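Worksheet for the structure shown next.
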Amino acid sequence: MIKYVGMKPRINIARLLLFGAVALILFGGVFALFYFMFRQRDTSLEYERAAIEANMDYTVSGDYLSYASDQALIQFHVNDVKKSTAIELKAPIDGYGVSNSITAVYSGSTLQLRNFDPLPLNGTIRGVACGRNYCAALRTNEVSGLDSIVVFTAAAQPLESTIDFSESKVVNFGFETSFNRELLWVICVNTQASLPVTTVRLYDFNNGGAMSYYPSFYDQSIEKVFFTEESVFLIGTEDIIRYSLDSSRERYRVGIYGKEVLDMATSATAVRFLLKPRSSGNEHTVYMLSLAEADSPSTTMLSLYSGENIVNAFLQDDGIRIVTRTRLISYTYAGRNSSDLELLYPADQAIELSEKTFLLVSGEDCYLAERKS
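Written out as structure tokens, the structure reads:
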């Protein structure tokens, strides 16, 4: 037997490095697997079946989800079903308006505010909007075809003067009540000109109903109005136009041709708009547009691809939620995918109720789906 004394074993450096690399890859793979598993479990969905009729025209205001059903207006309290209510009329309901403090329904030429007797109006009521202290009803004269808006107090008392539209038709209107304001905004279209002309009016009911005009738009229709503390954003078919609320002066406009606005949210640094394509052939993509409240928009645009048709999407405090037929996908505002959860029930509709909860309509069933962290 030969014994070697004083000799050190050889070390194969290349093999050692190879083993180290393999170990690092395996460790990284295990870490990534565990991270993915626990990240997915970090946020889950809990479902509660709700006694809500499916596939209705829903409105969310405060803690209530409202919809008209046959001859009643149902107001479902999201957090306490015992607080849910119903307002009934003797005739089928044509429409309704709700806010945190006022609820109104109408049928034909009859308007009814909650807790008050029905109010007969001249003409056919075409819509109603509720604010904090006032309710506005749009009516059309059956003989002349002219539109006018009658404004009521929360105690169902009409104001002395009506708002008349001699050459225009009202296409949309509503109240803005944030920041202690009470503004009635009205979008009108003049159809007597050679081309349709869209105008926007604001009525300040903290200042006796004083009216502000905005310039006429010949090149596009105005579809929606969004407010911040300092600005009003007019959402057109071609552009988003920002005006200073105090001076009615246009600051800038940003083109959005081919897209429509789904949602809007503000932060300390930006105003964000969530958009989707108008064409039906691109229903798996949404866009998040960030604008500055300054003389220049400092525009940034983020595209988010879901891989399947999108049912609805919302902007929330901590990011973007996209509901597809089978999934709830969450993104940060930097565009990072933070979670991707499979829905227990396939979604036909998805209505945002709060930062954590949305109404999921699946076939004839409705569920309150709540994210748990």
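For the sequence shown, the numbering used here assigns the number 2 to the initial residue and increments by one for each residue that follows. Just so it is clear, CB atoms sit at the ideal spot from N, CA and C, and this is done for glycine as well. Being a predicted model, the structure only gives us computed values, none of them experimental.
Counted within 10 angstroms of its Cβ, other Cβ atoms place residue i as buried (16 or more) or exposed
i: GLU177; result: buried
i: LEU360; result: buried
i: LYS84; result: exposed
i: PHE180; result: exposed
i: THR1; result: Because the chain in this structure spans residues 2 to 374, residue 1 falls outside the shown range and cannot be described.
i: ALA51; result: buried
i: GLY98; result: buried
i: GLY175; result: buried
i: LEU196; result: exposed
i: ALA370; result: buried
i: VAL171; result: buried
i: ARG279; result: exposed
Selection from the options that minimises the alpha carbon distance to residue i
i: TYR253; options: ARG133, THR300, VAL106; result: THR300
i: SER62; options: ASN101, ASP81, LEU46; result: ASN101
i: THR267; options: SER232, GLY175, GLY98; result: SER232
i: ARG337; options: ALA351, THR229, LEU305; result: LEU305
i: GLU365; options: ASP349, GLN113, ASP240; result: ASP349
i: SER248; options: GLU143, PRO216, HIS78; result: PRO216
i: SER340; options: PHE117, ARG326, ARG372, ARG182; result: ARG372
i: LYS91; options: VAL99, HIS78, TYR107, GLY320; result: TYR107
i: LEU160; options: SER167, GLU168, ILE150, ALA335; result: ILE150
i: TYR65; options: PHE77, ALA55, VAL255; result: PHE77
i: ALA269; options: TYR244, ASN283, ALA295; result: ALA295
i: ILE257; options: ASP240, GLU251, ARG250; result: ASP240
i: GLY96; options: ALA335, VAL255, SER67, SER162; result: SER67
i: THR163; options: ALA194, ILE321, MET212; result: MET212
i: ALA69; options: VAL79, GLU54, VAL82, ASP81; result: GLU54
i: PRO298; options: GLN158, VAL144, ILE242, VAL82; result: ILE242
i: ILE321; options: ASP81, GLY282, ARG273; result: ARG273
Cβ neighbours of residue i in the same chain (closer than 6 Å, five flanking residues each side left out)
i: LEU147; result: none
i: GLY237; result: GLN221, ILE223
i: VAL324; result: VAL312, ASN313, ALA348, ALA351
i: PRO119; result: THR111, GLN113
i: ALA138; result: LEU112, ILE126, VAL129, VAL151
i: GLU230; result: PHE180
i: TYR244; result: VAL233, GLU251
i: LEU203; result: LEU184, TRP186, SER213
i: ASN173; result: ILE188
i: PHE228; result: GLU177
For residue j and residue i, believed in contact at Cβ under 8 Å, the rounded distance
i: ALA105; j: CYS131; result: 6 Å
i: VAL201; j: LEU235; result: 6 Å
i: SER363; j: ILE330; result: About 17 Å separates the two Cβ atoms, so there is no contact after all.
i: GLY109; j: THR125; result: 7 Å
i: ASP58; j: PRO93; result: Rounded, the Cβ-Cβ distance is 14 Å, inconsistent with contact.
i: ILE133; j: GLU168; result: First, the residue type needs correcting, since residue 133 is Arg and not Ile in the sequence shown. ARG133 to GLU168, Cβ: 31 Å. No contact.
i: CYS136; j: PHE153; result: 5 Å
i: VAL187; j: VAL198; result: Between VAL198 and VAL187 the Cβ distance is about 14 Å, and since that is not below 8 Å, they are no contact.
Cβ neighbours of residue i in the same chain (closer than 7 Å, five flanking residues each side left out)
i: ALA271; result: SER291, LEU292, ALA293
i: TYR368; result: TYR48, GLU49, ARG50, ALA51, TYR346, LEU361
i: MET38; result: With a pLDDT of 43 at MET38, under the threshold of 50, the modelled position of this residue cannot be trusted, and the question is left open.
i: PRO121; result: SER110, THR111
i: LYS446; result: With the chain covering 2 to 374 only, the question about residue 446 has no answer from this structure.
i: TYR219; result: LEU196, VAL198
i: PHE166; result: LEU147, ASP148, SER149, CYS189
Contact set for residue i: own chain, Cβ-Cβ below 8 Å, skip 5 residues either direction
i: TYR288; result: LYS260, LEU275, LEU276, LYS277, MET302, LEU303, SER304, LEU305
i: ARG115; result: ILE88, ILE103, THR104, ALA105
i: GLU309; result: HIS285, THR325, ARG326, THR327, ARG328
i: ALA73; result: ALA87, ILE88, GLU89, LEU90, ILE94
i: THR1; result: Residue 1 cannot be examined here, being either before or after the span of the chain that is shown, 2 to 374.
i: SER45; result: LEU342, ARG372, LYS373
i: VAL79; result: ASP64, TYR65, LEU66, LEU354, SER355, THR358, LEU369
i: ALA194; result: none
i: ASN123; result: SER110, ARG140, ASN142
Beta carbon proximity, residue i to chain C, threshold 8 Å
i: VAL99; result: Absence of chain C from the displayed structure is noted, only one protein chain being present.
Task: Three-pair Cβ contact test at 8 Å for the region 256-274 versus the region 198-214 - done: No: fewer than three Cβ pairs fall under 8 Å.
- [ ] Mind the definition here: the region 344-363 touches the region 303-321 only if three or more C-beta pairs lie below 8 Å; say whether that holds.
- [x] They touch, by the three-pair rule.
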